[in-house]
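Quick note: the sequence shown uses this note's numbering, first residue 159, plus one each step.
In this text, a Cβ means the ideal position worked out from N, Cα and C, and glycines have one as well.
Note that this is a predicted model, so its numbers are computed, not measured.
Structure first, then comments.
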Amino acid sequence: MRLTLGTNRSPASRRGPAAAMGIGAAAGVTAAAGLLLGRKAATIGRIGKGHPLKHRALDLAAGSMQRKYPLEAMSTYLNGFHMYADDMGRQVEATHFCIHLQHDLHQCVIFDRNAPDARLIGIEYIISEERFRALPEDEKRLWHSHHYEVKSGILTAPGIPGLAEHAYFEDLVTTYGKTFHTWQYDRDDFPYGIPQLMMGFTEDGQASDEMIRARDDRLGLSTSAKRDNRADIPVPEVAPGANAWESGRTVRTRVEETDFRR
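Laid out in C-alpha cells, this is it:
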C-alpha cells in the first residue's frame, strides 16, 4: 500500500573561605543535579506507569545522559487550532514546538497539549509568502494561510511578553503552513489510520467559541485582547492557491494499494 493525496561550621569551613566556597559550590551543583534528576524521575514516573522497572531506569538514564539536539533547538511554543481539510466540524487544539530552520522555513512538532505525557499528534512546516508563491499549483492546495489566525488572536505564543509576541506575529502573519496530523485524537485514544491533512481558519464564525474559551481559561489567555493588540499588524492579501477548501473542493489523504517494486 502507499499513501497518496485524496548549618554548624563544618571541617571544610575551618580550612578557610576558599575551601568552604569550593565545597559549597560543589554541594550546590550536586543538589541542583539531584533536583533535576528528581524531576526527570518524577516525570518518567508519571508517564511510565505500567512500564517494567528496567524500562523506567533506561528512560531515566537516557533522559539524563543523552543530548537531543533537534529538541533542544525547538525555540518557540505556539498554541492554536486546526480543522480537518475535508471537515470543518472536526476541530482540535494544537500545541506547536518550532525551530526557525531557514530564513523562509520553520518546522514544528505538534502535541495535543503542553504536558510531560502529551500525545504527539502531527507536524507542520511554515514557509514565507515568497516561497509559497513559487510552489507548483498542486502543492499549494496542501497549504493554509496564517493571516486570520494571527490577526484574530487565535494563534498565540503563551508566556511570551506582549511586545515580543507582537513582533513575532508581525513576521508570521504573512506565512503559510502545511500540516499533517498523525493521531486523530478527537476520535481515538490510539494513533489509528493514516496522516490527515489539516487546515487553518480564515474568518470569524468558523472556530468553535467553546473550544477557544476552554483554551484561554486553561492557559490564562485572552484571545480577544490579543486580537485588539494585533490590530495594527498590516496584512497582505492571501496568495492565490492557499486554503483550497474555500472553493468547495478539497484534498485529503487515502491509502491506495499498488504493486511493490523490487
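I need the straight-line Cα distance from residue i to residue j, nearest angstrom please.
| i | j | result |
| --- | --- | --- |
| R299 | G335 | 11 Å |
| G180 | I285 | Interpretation of G180 is limited by its pLDDT of 47, a score under 50 that renders its predicted location unreliable; no figure is taken from the coordinates. |
| A231 | I281 | 16 Å |
| T411 | P349 | 15 Å |
| D329 | A400 | 18 Å |
| N387 | H324 | 8 Å |
| G273 | T253 | Note on identity: in this sequence residue 273 is Ala, with Gly being the wrong assignment. A273 and T253: Cα-Cα distance of roughly 10 Å. |
| R225 | G406 | 47 Å |
| Y306 | R420 | 47 Å |
| Y283 | H261 | 13 Å |
| A292 | W341 | 30 Å |
| D390 | Q249 | 28 Å |
| R361 | A322 | Checking the sequence, you will find Glu at residue 361 rather than Arg. Taking the straight line joining both Cα atoms gives about 25 Å. |
| K384 | G311 | 5 Å |
| A372 | L263 | 31 Å |
| L195 | G221 | Here the model assigns L195 a pLDDT of 47, short of 50, so the residue's position is not dependable and the matter cannot be decided. |
| H240 | F418 | 34 Å |
| S380 | I352 | 34 Å |
| P319 | Y326 | 11 Å |
| Y343 | P392 | 35 Å |
| E287 | V308 | 15 Å |
| A276 | A402 | 31 Å |
| L218 | P394 | 49 Å |
| E414 | T408 | 18 Å |
| R376 | T416 | 46 Å |
| L211 | M223 | 18 Å |
| E404 | F269 | 26 Å |
| N109 | A215 | Given a span of 159 to 420 for the chain in the structure shown, any question on residue 109 remains unanswerable. |
| M369 | D296 | 32 Å |
| Y242 | L278 | 17 Å |
Along the beta strand (DSSP E) that carries residue i, what are the first and last residues, could you check?
| i | result |
| --- | --- |
| M357 | Q354 to M357 |
| K336 | Y334 to H339 |
| D245 | D245 to Q260 |
| E414 | T411 to E414 |
In terms of residues, what are the limits of the alpha helix (DSSP H) holding residue i?
| i | result |
| --- | --- |
| N387 | T381 to N387 |
| A372 | D367 to L377 |
| P228 | Y227 to E230 |
Checking the sheet assignment: what are the DSSP bridge partners for residue i?
| i | result |
| --- | --- |
| L236 | H254 |
| T241 | A quick correction: the sequence has Met, not Thr, at residue 241. Beta-bridge pairing links M241 to Q249 and M357. |
| L211 | DSSP output for L211 lists no bridge partner at all. |
| L263 | Q260 and I285 |
At which residue ranges does the segment 266 to 343 contain complete beta strand (DSSP E) runs of 3 or more residues, listed in the order of the chain?
Listed in chain order, the complete beta strand (DSSP E) runs (minimum 3 residues) inside the segment 266 to 343 are 278 to 285 and 334 to 339.
Contact between the segment 250 to 267 and the segment 221 to 236 is defined here as three or more beta-carbon pairs at a separation below 8 Å; is this criterion met?
Three or more beta-carbon pairs drawn from the segment 250 to 267 and the segment 221 to 236 are found closer than 8 Å, and the two stretches are therefore classed as touching.
Inspect the CB distances between the segment 289 to 303 and the segment 313 to 324 and report whether three or more fall short of 8 Å.
Touching, no, given that fewer than three Cβ pairs across the two stretches are closer than 8 Å.
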